[in-house]
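Residue numbers for the sequence shown follow my numbering, so the first one is 710 and each next one is one higher.
Glycine is no exception: its CB is placed at the ideal position from the N, C-alpha and C atoms.
A quick write-up on the structure given underneath.
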Amino acid sequence: MPAMLAMKSELDSSGQSHLYKYWDKLSPGEKEHYLGELLTLNLDRINSAYKLKGNSQFVDERLMCPDPSICGHEVSLRTSHPEEYDLYIDKGIGAISERKVGVVLLAGGQGTRLGSSNPKGMYDIGLPSRRSLYQIQAERLLGLCRQVSVKFGQEIYIPWYIMTSDHTRKLTEKFFDENGYFGYSRDHIIFFEQLNFPALDLNGKILMKDKASLCWSPEGNGGLYRALSERGILQNMKTQGIQYVHIYGVDNVLIQMADPAFIGFCIARNADCAVKVVEKTDPNEPIGVVGMVDGKPRVVEYSEISPSTAALMLPVPPCHMGQCKDGRDGHLNSVKSRLLYSLGNICNHFMTTDFLEHVCDPKQEAILPYHIAYKKVTYLDTRTDCSIMPTQPNALKLEKFIFDVFQFSKRFFIWEVDRATEFSPLKNGPEAQKDCPKTCRKSILDMHASWAKAAGAVFTDDAQDVIEISPLVSLRGELSIENERFNLQFLKQRVKDIFYHSYDNYMRHAYPYDELRPISCDGHDTWASEVVGGLLAAHLLAKRAGMDLEPGWPCHGRLLSLAERFASKLLPAFNTPTGMPYGTINLALGGVPPNETPVTCVATVGTLILEFGALSRLTGDPRYEQAAMKALRALWTFRSSLGLVGNHINVRTGTWVGKEATIGSGVDSYFEYLLKGSILFRLPELDAMFREYRSAIKKYLKFGGWHVMATMDAGSVTSAVYQSLESFWPGVLAMAGDIEEAKELLITYHSVWRRYGFLPEMFDVPSNKPIGRQSVYPLRPEFIESVLHLYLATKDPYLLEMGVNVLTSIERDAKTPCGFATIHDVQTHTKENRMETFFLSETVKYLYLLFDEDNFLHRTPLSSADTFQAGDADDYCTGGMGYIFNSEAHPLDSGLIHCCSIQHLQELEEISSEESLPVDLGLHRDLGTLVNISTSLNSLTHAILSELDVTFEEILSPSVTWTENQNTSKEIDTWVEKLWKEMSGAVLLSGAIQDNASTPPNYVPPDMLRKSTTPLMSCPTVPFHVRLNTMRDLDYRNLN
């Protein structure tokens, strides 16, 4: 090999001939690899660097303090000159909005001293959220981008350049990918690798790792400049128009990413290079200080000045910004002595791209000195041919430092910041007492506690009470209960843009087909979506939409008539022995197709009560609600002994064909409709069914933050797979009041979204990855629907951030020239030529409602506003209050539905007698009186339950005496409570146990006793146990 002959000559000349000792014994592949390594060696540079050995000396006599005119003090400015400080912030934010700012992260180090072989940025310091350093920094940068985007009404992402080493590159990229880039735009994160320098022995010889490779080590953070040039990063910055760059080290847990005040200060001063510093108060602290050496700015390492010089004190605080007032420091408000050399370097820099271009020039970069560190390096001893693992430092690692370019600056400035809010380094492992995970964690939590207290929070125990505030909520303590950090108008406009881009293109390219094909820009027919719910919702919203109303609206109308006509054609499907409907009906023939299979999924059977119940109550025709209720009761009858249902059932026989229990595909909306039906129609029976199912689901299907599939009879796990359809469940739990479980599940699902940018149809939990062809995301609404419901219940701003993640993913990766496309594979983000109808009708609707906090649709039937208003004969119901969404996001107005229901009941005189009521409840008022004062079955139930409560209050009155020898008061209390529950349950069940068309054979109703632990959501009165609990200590006497 001619190249190797030349290489040998160079090695001989440089005294490195030992490097080809094993050449002749290498295989061709090894030779090719090894020659490539050797050719990268700059032997002149290596020899020059080695000659620096032993040249280090104290610089005391050449060191001076910087002139105060180049210094700025962030805290002093903020308190003494707030207008000037605000001007700096505005300048910084303005530069970010103009996309002139980039950020460089120095992330080449491993967590060796922390006891980890991973990149240091992956380290978890033990915060309650378990955020890693990378996540903290990503979310701080994202939070800043959100603030700037809100202020300027456009989406802004700051390019984030992450310099790794060859040891950390793959792990870092994988960590970001697995965590969905922590919500940041993956298009604005650029990884690049720093260059290496060979390790030398103490005599300047290059160490070999083995017979065909050398020992290498990263070139140090000063290798940034060579990497920026040779990896094409500087050219990338200039292409993007970046003018200002913030550069920082990975291990400062308090880093302020692209700090607008710092950047603005530098821009205002026309700085080409600047450094953030903190006050060094201990001369023995191992950080360098910024000073002037030979008249040029430089960071002087703590090893370069003598202890006596490091301890010199300045008796009066230095003048900041050239303004000293009566010897007072603007931020300390008192005279306080400081170290003479107190400007501690924290690896936090500003540089212009013009300055970087200058120092990255090979001629300038070559001037930068190498610094020597003594390290232990495992190597191949070429004398003994053995691999040696030394116990003492045996090698020289030569590194360049990032701050060595300060000498080239023509306009250098210093920005001093508060250590408590800007600098807490992670240098040492958990066993250390300083600069360790414990101190870093305390720094963050103490800062967050101070923010919370400033916002009015009260801590009962400062030592025990802990609060962590997400960077997505606040960057520097700017807390806002009203979510002012989110420009909701801007977010709503982004959602509107999605809707009209899709809708206008559908009308232009696809109408009257069912769906738009967003890649080919044409349309195609699929299958009809739900009709009855859409017609009913349109009918109920007609007045609000300004449509002309027919006389008798909302209990009459053309849209209502259409819904009734269509629903009547579906009724033949229910003509089965069980009352459960077939899955298909032939509308033209008006019946079930002759060869229709009797096997139907549970969701088909159980997802009718909202539409059919509303139709019956609006029109007064009971057939629809009776059919839907009979189907629900039949399903209940066929549940397993564990309280679970399968996914497919024979509607003629009740035999289970699909016996896998799940909350996902084939079942999902059944559970949803039980809860929503109980709320919309005040049906405790459905509420009780839902609660028993929920209990069984939690017992047999829930494992941590996931749900599995299991056999309905034994509860044996059959598949540990997450289905994206399951994402509806947290929203349902939020409506049922189970907030904590809803949060747990939603956070779990969001972790998948963050990793891939979307949710795959199926995700294998054990292997932690999407399943083959089920990696598709068809723009489903279930996840964002749950985000909406949980946000309405909690107002947690992190849920808004989840919504922004969804919105951004759709905008960025699903958009096409004429719509938004299904994501064919969430791992590659390839697109599929389909935009399903639920994208506009559900996904986009829920997204908009999340950001439209005052929308009238947010009122629920459980709110105090859930009342009807009686008008004249032509306008019986003047307004509706409270809405429930059906499975396709059609809003049903509970107030208007109940108005018509009451009107029809009065017309039919269905509540004129007490025949269907329990005969003897031991009440003080007769039932006839209660009937006569009630205007509906619902209010009659309310009256009876209230009378029950009054009666039991009298039983437990302290004025009543107890004369018999009975058991303890606790047992008596239990007996009384049981009696009260049984009597209340009899009232609630009275309408369900009648022999009517909606009750299938062998139906045993659910347990509807008013629970002492969790009241039924649909109970029309405050549960008696709430009052009972306040009477625990009463003397129960004369109860007989």
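Which whole-angstrom value is the C-beta distance of residue i and residue j, which I expect to be below 8 Å?
i	j	result
S1550	A1598	6 Å
G933	Q965	The amino acid occupying residue 933 in the given sequence is Leu; Gly does not appear at that position. L933 to Q965, Cβ: 20 Å. No contact.
H1265	E1273	10 Å between Cβ atoms; not a contact.
F1059	Y953	7 Å
L1455	E1491	L1455 to E1491, Cβ: 11 Å. No contact.
P837	T881	Their Cβ separation, rounded to whole angstroms, is 24 Å, which puts P837 and T881 out of contact at 8 Å.
M713	L744	6 Å
Helix, strand or coil for residue i, going by three-state DSSP, please let me know.
i	result
G1322	helix
C1095	strand
W690	The chain is shown only over 710 to 1749; residue 690 falls outside these bounds and no answer can be derived.
L879	It should be pointed out that residue 879 corresponds to Lys in this sequence rather than to Leu. Helix, per DSSP.
Y1291	coil
G931	helix
L728	helix
K1540	strand
H790	coil
S723	coil
V1354	coil
S1610	helix
S1046	coil
P1479	strand
G830	helix
E1066	helix
M966	coil
L1556	helix
G958	strand
T1525	strand
N1196	coil
F1594	strand
Y1712	coil
D1473	strand
C1056	strand
C1145	coil
V1496	helix
L1454	helix
P1506	helix
Pick from the options: whose alpha carbon is nearest that of residue i?
i	options	result
V1086	K1411, D919, G950, V1366	D919
K1452	C780, G1440, V810, P1487	G1440
G1004	D1063, F1115, A970	F1115
P1302	A1282, I1228, E1010	A1282
G818	T873, D776, D1070	T873
R839	L796, A1019, L1154, K860	L1154
D1422	M1398, W1365, F1399	W1365
P1715	F900, R1400, V1426, E1450	R1400
K1278	E1224, A1336, D1234, G1232	A1336
L1298	A1312, V1311, L1280, T1285	L1280
L1049	V959, E1074, L1023	L1023
L1052	E1305, M1156, G781	G781
L963	L1601, S841, E1013	S841
Quick check: is the beta carbon of residue i nearer than 8 Å to any beta carbon in chain B?
i	result
Q1073	Here there is only one protein chain, and chain B is not present.
Indicate, with yes or no, if the ligand HEM has a heavy atom lying under 7 Å from the CB of residue i.
i	result
W1124	For the ligand HEM, the structure offers nothing, since it holds no ligand at all.
Stretch-stretch touch, CB-based, cutoff 8 Å, three pairs: the stretch 1095-1113 with the stretch 1123-1132: The stretch 1095-1113 is not in contact with the stretch 1123-1132.
Run through the stretch 1234-1319 for me and flag every whole alpha helix (DSSP H) of 4 or more residues, listed as ranges in chain order. 1241-1249, 1267-1277, 1311-1315
Determine, using beta-carbon pairs with one atom in the stretch 1481-1488 and one in the stretch 1556-1565, whether at least three such pairs fall under 8 Å. no
Could you tell me which whole alpha helix (DSSP H) segments of length 4 or greater appear in the stretch 865-918? Runs found: 878-887.
Could you pull out every unbroken beta strand (DSSP E) segment of at least 3 residues lying fully inside the stretch 1365-1448, listed in chain order? You should have 1365-1367, 1418-1420, 1426-1428, 1430-1432.
Quick check: the stretch 935-952 against the stretch 1016-1024, are at least 3 beta-carbon pairs closer than 8 Å? no
Is the stretch 1510-1517 in contact with the stretch 1193-1210, if contact means three or more CB pairs nearer than 8 Å? yes
Assess, as a yes-or-no matter, whether the stretch 1320-1335 is touched by the stretch 1361-1379 under the definition of 3 or more beta carbon pairs within less than 8 Å. no
Between the stretch 1340-1358 and the stretch 1413-1427, do three or more beta carbon pairs fall short of 8 Å? yes
In chain order, which continuous runs of the beta strand (DSSP E) of length 3 or greater are located wholly inside the stretch 1066-1136? 1080-1084, 1088-1090, 1095-1097, 1104-1108, 1121-1126
The stretch 1242-1253 in contact with the stretch 1208-1226 per 3-pair CB rule at 8 Å: no
Taking contact to mean at least 3 C-beta pairs separated by less than 8 Å, is the stretch 799-807 in contact with the stretch 971-987? yes
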